[in-house]
Amino acid sequence: MKLIIFGPQGSGKGTQAELIARRRNIPYISTGDIFRYNLKQQTGLGEKIAEYVNQGLLVPDELTNEVVNDRLNQPDCVTGFILDGYPRNQFQLDFLIRLHAIDWAVVIELDDLEAIKRLGGRLACKCGLSYHLQFNPPTQPNICNKCGGELFKREDDQAAAIKQRLAIYHEQTEPLINFFDQQHKLILVNGNQSIEDVYQEIDKKLAAKEGRI
Ligand code: ADP
Ligand code: ADP
Ligand code: ZN
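Using the numbering used here, the letters of the sequence shown map in sequence onto residues 801 to 1013.
And the structure:
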């Protein structure tokens, strides 16, 4: 199954995408995680993208499309994938749909104020999992349950960069949702529930769309 997950920053895309990927045995692909990994490892790609990521600006489309294309051509993506953080604008959407038939687009709805509150307490891990100081704490303080890595606050999770990223989301990414709506491939879920309830809503709606119930 080929899925995309949309929603404003802080709506829980990464959290839900990881659950969906694990339970359906498909790879979870986050362009943000790929970029952060390259920044940390100081790769050639990392050097090219640093100024954009650190300011909360979009990395140029050609570069982003190439990175995604390489990842989706890996053998583990043959049976499906879930994309988080891509596509973010019309140019990226056009590129993606020429190459892959997307089955469903899941949209997590949450207002900006709620999203900002969540990002203030977000703790990230290099493996892609994210936690929250109150809403989803790790079992051991500051240690990832899955990989044992040390958790960190993302540099772009501070007020100015969050505002910038939310503005770009509303302006450039949200309009892409129409495309999937017109194709009857849209799954809207209420993000203002517990992590497990959001997951249950997604799973139920996916099952209904697939004709499983
Ligand atoms: P968020 O969704 O919270 O902004 P991500 O982890 O998805 O964070 O992305 C972090 C940063 O990586 C973005 O601010 C941007 O600089 C870059 N990035 C991620 N995905 C894309 C994309 N599809 N196109 C361009 N830049 C991207
Ligand atoms: P996104 O990928 O959309 O930016 P994340 O999945 O990283 O969002 O979630 C943002 C923050 O909110 C994280 O700290 C996460 O643990 C927390 N979170 C995610 N879903 C929920 C939820 N349903 N209720 C409360 N907190 C949540
Ligand atoms: Zn981890």
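Here a beta-carbon is modelled for each residue, glycine too, at the ideal position from N, C-alpha and C.
For residue 868, the three-state secondary structure derived from DSSP is helix. By the C-beta criterion, the region 952-971 is judged to be in contact with the region 910-929, since at least 3 inter-stretch pairs fall below 8 Å. Per the coordinates, the alpha-carbon of residue 947 lies some 32 Å from the alpha-carbon of residue 862. Rounded to the nearest angstrom, the gap between the Cα atoms of residue 902 and residue 985 is 8 Å. Beta-bridge annotation (DSSP): residue 994 is not paired with any residue. Contact between the region 812-825 and the region 873-885 is present: 3 or more CB-CB pairs across the two stretches fall below 8 Å.
Here residue 928 is buried. Its C-beta has 16 or more other C-beta atoms within 10 Å. Remark: C-beta atoms of residue 913 and residue 865 do not approach each other more closely than 9 Å.
DSSP places residue 922 inside the beta strand (DSSP E), whose first and last residues are 922-924.
DSSP places residue 826 outside both helix and strand once states are collapsed to three, so it counts as coil. Residue ranges of uninterrupted alpha helix (DSSP H) with 4 or more members, entirely inside the region 882-954 and ordered along the chain, are 890-899, 912-920.
Residue 857 sits in coil when the DSSP states are folded into three classes, being neither helix nor strand. Within a 10 Å sphere around the beta-carbon of residue 998 sit 16 or more other beta-carbons, which makes this residue buried.
Residue pairing by DSSP puts residue 804 in a beta bridge opposite 883, 905.
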